[in-house]
Structure formats: structure tokens, C-alpha cells
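Protein sequences appear in the order of chains C and U. If you're matching positions, the first sequence starts at -18 in my numbering and goes up one per residue. If you're matching positions, the second sequence starts at 9 in my numbering and goes up one per residue. First the structure, in the form of C-alpha cells, and then the observations on it.
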Amino acid sequence: MIDRKIKSDFPTLDQKINGKQLVYLDNAATTQKPYTVIEAVDKYYKNTNSNIHRGVHTLSQKATEKYENTRLKIANFINSDSEKEIIFVRGATEAINLVANCYVRPLLNSNDEIIISQMEHHANIVPWQMVCEEKKAKLKILPMNQNGELLVDELENMINKNTKFISMNHVSNSLGTINPIKKIVQLAHKNKIKIMVDGAQAVQHIPVNMKEIGADFYCFSGHKLYAPTGIGVLYGKKELLDEMPPYQGGGDMIKSVTFEKTVYNEVPQKFEAGTPNISGVIALGTAIDYIINIGIENIAKHEDELLKYATKEISKIKGIKIIGNAQNKASVLSFTIEGIHPHDVGTIMDSEGVAIRAGKHCTDPVMDFYCIPATARASFAIYNTKNDVDKFVNSVKKTIEVFG
Amino acid sequence: MSNLDELYLEVIIDHNKNPRNKGELNDFTHEAKGDNPLCGDQISIKLIMKDDKITDVKFTGSGCAISTASASVLTETIKGKSRSEIEKLFGRFQNLVTGTGKEGNLGKLEIFEGVNKYPARVKCATLSWHALIAAIEGKKEASTE
Ligand SMILES: Cc1ncc(COP(=O)(O)O)c(C=O)c1O
Chain C
-18 MIDRKIKSDF PTLDQKINGK QLVYLDNAAT TQKPYTVIEA VDKYYKNTNS NIHRGVHTLS
42 QKATEKYENT RLKIANFINS DSEKEIIFVR GATEAINLVA NCYVRPLLNS NDEIIISQME
102 HHANIVPWQM VCEEKKAKLK ILPMNQNGEL LVDELENMIN KNTKFISMNH VSNSLGTINP
162 IKKIVQLAHK NKIKIMVDGA QAVQHIPVNM KEIGADFYCF SGHKLYAPTG IGVLYGKKEL
222 LDEMPPYQGG GDMIKSVTFE KTVYNEVPQK FEAGTPNISG VIALGTAIDY IINIGIENIA
282 KHEDELLKYA TKEISKIKGI KIIGNAQNKA SVLSFTIEGI HPHDVGTIMD SEGVAIRAGK
342 HCTDPVMDFY CIPATARASF AIYNTKNDVD KFVNSVKKTI EVFG
Chain U
9 MSNLDELYLE VIIDHNKNPR NKGELNDFTH EAKGDNPLCG DQISIKLIMK DDKITDVKFT
69 GSGCAISTAS ASVLTETIKG KSRSEIEKLF GRFQNLVTGT GKEGNLGKLE IFEGVNKYPA
129 RVKCATLSWH ALIAAIEGKK EASTE
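Rendered as C-alpha cells:
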């Protein structure tokens, strides 16, 4: 189902880096874009460019229609109840900041508590620290075990009458762990606590279904899903979005304005002040078409095979330690090589055309947990092949040779 | 030699494996830390200065091969030198690793010339130097910006 031909859909992949064919394995940072997505942006600016929701003229109507159709497409893609629950934002970071500011902040008092986990991306730590600091509330951390699995049973003990909100990642970007998010959501709801799920590393790898997961808020970034940068999605339950104050003020988010009183627009427009990233939204729709066409189940299966194969092959090499050994993993292979700093690993692998990420992956607390300065991380996407994995493994061997 | 071979010269690999003057220094007069949050490198420099001359220097911390080797070579290069000599030397070392102009007569420091093909690694090579300058200036922490 998924084969080498997929690569030819992605122009960026067709190049040599340092004289070697590029093997792109930094997909958790951002994915490459297929021709259809690049062309969608191009076509929009060539044929349809116009502001949305504002004009009676044909172009404006066309642009508005494409923009709003994408909202519906996304609602279907993640199986939410209505397209009114889909808000366009810049990315996962903005989505989390929006919820922290517009939902959590108004209900937070001193001594209240918010729970996140040990394996969050900084984007799902710092916004909560900021509101907690302002409101003198407490941020509590759900721990994990050495394999990089959350100790979900501990969550019940951590929840108390002061717990006001929970926010947790669906899939970890530095460990690859797929968290039992449905169970976590159920635990939150059993205790009448609302929960946000950071799906920045999930939607592109595994089927994600809002009705099944049941989270109150969910978010992801388009650029990790074969779409352009600067566009992302916040999903929120309609009844919660309705009661929240707007995020920013401006055009489009209002129904009427006088100097005495402004009436806000309905959800989702209430949260989309100003001219949005129209081409980004339309291209995100195209990226989702691309994924649906291949099938997210097929993608999950393909990437799982690659991850298992890479894990098996790299484990045979002496001195390799895999960071993150959860039972349930997606796409991400984080590792260290004894005696070689990840930064050097990254440079040497790059000289072989293999692009991986070396660093802390915006998860400093995860590095502290394992007492390591950083890891090298390979992360797989639809266009990667077994041959890519072989080149990856060879470049790891070459790295060890250089350091002899 | 390829760019990569010029970056990871055997002497650099050796300094990384067996860093010179790594460890604690008693009775130090100056101390500062250099942090590169991007890659997690942390180097601390401790030194003894007498009559404007460095009489002893040691470093601790961890980092990539380039930053470790650079700290190691630094400790071998600066003993007996004055503050102004060190500041001049650092300026020339920066030119070397960034590829700004031609720098010769830098002795052992010349092994880091290969860094100039890797702009992302310049900070690794200069981390310990920034810490050193901060220490001499009586600051606790170096900024690598
Ligand atoms: C788990 C996770 N959450 C949030 C983010 C932030 O995404 P963005 O930078 O696109 O807003 C990332 C991206 O690295 C991520 O991996």
C-alpha cells in the first residue's frame, strides 16, 4: 500500500545533502509537503486570493467557501460533532495558550491546581506555568516510569477538590509514547474535571476520533501533518467554547461594534479575530485529503513497521541506548550513543545525508528525568522506507567509527 | 580531507576522550559558567590569577566533542597569559572558527579551523572561551550571544 512512489510526491526529498541522497528523519519537528499542498497555496494566490467573510464579490465568496469547507473537512477528519467546534489558530502552541487564557484563567483561584505530565512539550508546560503564577495556583506533574509510560493510576491520587484542569499530550514528541488518552480523559471526567489533549504528535500518525476520546479540547499543528507552517487547529466542545471570552479582539470576531458596546460573533468566528491564514487553511485541507487518500490506518501500520525495524536494527549496535521504551509507541526513536554527544551524532549523520534532530526536543524535564543532556531522535513519516532505515542505521555505525 | 574529517580531527577526538585539566581547582580566584541551552552543553571554568597572569585553570562540565576539546585546548593555551593577551587571542580564535579573515600562528588552537564550515557548531567551539572571559571580568555566567 505504501511504497517508494510516495517519495516522489514530495519535492524536498528529491535532493542531495552533502553529496548524499537526503534521508529526512526529522518529521516530529516538521514534515515535508507534497506537491498537492504546495500547489494548493500557489493556486489560491493565483486564482482565488481575496479576503473572507467580507465581500459580496465572487472571489471573496469562493475564498470563504474554500476556507469554511476545510473547517468541515477537519471536523470530519477528527470526527467532531460540528464544524463549529473547529477553530483555526497558528498551531498547537497558540491553541494551548488560547485555552489557558480563555478557559482556565477565568476559573482559576489561588491554591487551585492544574495537572500536566512529566513528558510534555514546553508548549504544554509554559502556558500553564504562566496562568498558575498569575493566579497563585499550583502546577502538578503526573510522573512516568523509566520506559517513558505515564503512571496513570497515580492520577486518581493527584486529583483533589482543588484540581481545576488537566492538560496532557496524546503522543510524546521526545519519547514516542502513545498515552492511554481515553482512559485519562475518563478519569478526569469521572472527577468532573475538564481536560485538554495536545495532539501535535498524534493526528499524523494514528486515527484520532473526538467522539471516542471525549476530550474537552484537542489541538494540533498543520506543519507536522504535511501542511504549511503557521496554521493549526483547536477543537473545543461547543458548550465550552460558547461560554468562553474571546481570545483577541478585532475584525471578524464581532457581530456589531459601537463605541459603547460590542457584540461578539458566534463560535468559531469569536476566536478568529483579523484576517486569518487563508492559504494555510486551504492547504491544510489539501494535506488532509492527501492523508485520507492513503488512509491513516495504512500510515499507522507503515510507520509502525519502520519504527519496529529501526528499533530492532539499532539495538544490535553496541553502545546504543534507546530513550523511551513504551509498549505503545508512534514514529519516534530517541537514542543516545555511549561516549558520543548527540550534537556530534547529528553533525556526522548529516554528512551522510541523514537528517535527524539532536537536542532536548523542547522537553527539558524529560532530559532531566533520564539525566541526559540531550538525545538524537529519528522520527518517521509516510514517505520513509526500509531503505531509509538502513541508511539511518549505517550512518549511526559511521558515527561510532569516526569516534573510534 | 572532507569537511567532516576536518571538523573531527583525530586530535580533537583525543581531547574529547582525554580532556586535559578537567576537574576541580582549589583556591581559584575566578569562576564562571557557560551554558548552551540549545544542545545542553555546560562548561565551568575555574582559574587562579596572580598579578594579571593566569597561573592555573581547570574546567568541569559536559558537552559535545567540539566544546569539550575546545575547553581542553583552552586550558593548555592560556596559562601564563594576561587578561589583554587572552582577549586578543579570543578575538583571533573567533575569526578562525567563523572563517572571518585568515588567522595564522594560533598554535594548537588551529585544530578548530574546520568548525568554520559548520556555522551551527561555532557556539560549541567558543563556549569555554565565553566562560573564560566572563570569569576574568568577574561575571558568574557567560552569554554566548
Ligand atoms: C507534543 C508537541 N506539542 C506541541 C508542539 C508545538 O507545536 P507548534 O510549535 O507547531 O505550535 C509540538 C511541536 O514540536 C509538539 O511536538
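Every residue gets a Cβ at the ideal spot worked out from N, C-alpha and C, and that includes glycine. Here the structure is a predicted model, which means the values were calculated and not measured.
Contact list for residue i against chain U, beta-carbon separation under 7 Å
i      : result
C:D325 : C72 and A73
Short CB-CB distance (under 9 Å) between residue i and chain U
i       : result
C:G340  : yes
C:H102  : no
C:S332  : yes
C:G305  : no
C:H322  : yes
C:F384  : yes
C:M348  : yes
C:A355  : yes
C:N375  : no
C:N(-1) : yes
Residue i - containing beta strand (DSSP E), residue span
i      : result
U:S75  : Segment A73 to T85 is the alpha helix (DSSP H) holding U:S75; no beta strand (DSSP E) there.
C:C200 : F198 to S202
U:Q50  : D49 to K58
C:G230 : That residue, C:G230, is in no beta strand (DSSP E); it is neither H nor E in DSSP.
C:I329 : Note, C:I329: premise wrong, no beta strand (DSSP E); alpha helix (DSSP H) at P323 to S332.
U:R100 : Careful: U:R100 lies outside any beta strand (DSSP E), inside the alpha helix (DSSP H) at R91 to T106.
U:E39  : H38 to N44
C:N150 : T144 to N150
Pair within 9 Å by beta-carbon distance, residue i and residue j
i      : j       : result
U:A143 : U:A40   : yes
C:A208 : C:Y5    : no
C:A9   : C:S360  : yes
C:I363 : C:E284  : yes
U:I86  : U:L140  : yes
C:N138 : C:D179  : no
C:C113 : C:M225  : no
C:K145 : C:I174  : yes
C:I106 : C:I97   : yes
C:Y271 : C:D(-5) : no
C:M177 : C:I77   : yes
C:S227 : C:Y199  : The amino acid at residue 227 of chain C is misidentified as Ser; the sequence shows Pro. No, the pair does not count as a contact, with Cβ atoms beyond the cut-off.
U:N29  : U:V65   : yes
U:G88  : U:T63   : yes
C:A268 : C:P108  : no
C:L287 : C:T366  : yes
Among the options, the one whose alpha carbon lies nearest that of residue i
i      : options                           : result
C:S332 : U:T63, U:D60 and U:K125           : U:K125
C:S31  : C:I259, C:E294, C:A118 and C:N154 : C:I259
U:S70  : C:H324, C:V347, C:A357 and C:C343 : C:H324
C:I187 : C:I277, C:E382, C:G305 and C:R86  : C:I277
C:P257 : C:F58, C:Q(-4), C:G72 and C:N143  : C:G72
C:G261 : C:E20, C:R86 and C:P(-8)          : C:E20
C:M348 : U:D64, U:C47, U:K110 and U:S80    : U:C47
U:E14  : U:E95, U:E118 and U:E145          : U:E118
N-terminal and C-terminal residue of the alpha helix (DSSP H) that residue i is part of
i      : result
U:C132 : V130 to I144
C:Y271 : I259 to I275
U:H23  : E18 to K25
C:S31  : Per DSSP, C:S31 belongs to no alpha helix (DSSP H) and is neither H nor E.
Chain-ordered chain U contacts of residue i [CB-CB under 9 Å]
i      : result
C:M125 : Ordered by position in chain U, no residue passes the 9 Å Cβ test against C:M125, which lies about 20 Å from the chain.
Interface residues of chain C facing residue i [CB-CB closer than 7 Å]
i     : result
U:L12 : I329 and S332
Closer than 9 Å to chain C by CB, residue i
i      : result
U:L15  : yes
U:L46  : yes
U:I21  : yes
U:D49  : yes
U:T106 : no
U:A150 : no
U:R100 : no
U:N24  : yes
U:A139 : no
U:A133 : no
Contacts of residue i in chain C (Cβ-Cβ under 8 Å)
i     : result
U:R28 : Here the premise fails: no neighbours, minimum Cβ distance about 18 Å.
U:R91 : The contacting residues do not exist; U:R91 stays about 31 Å from chain C at best.
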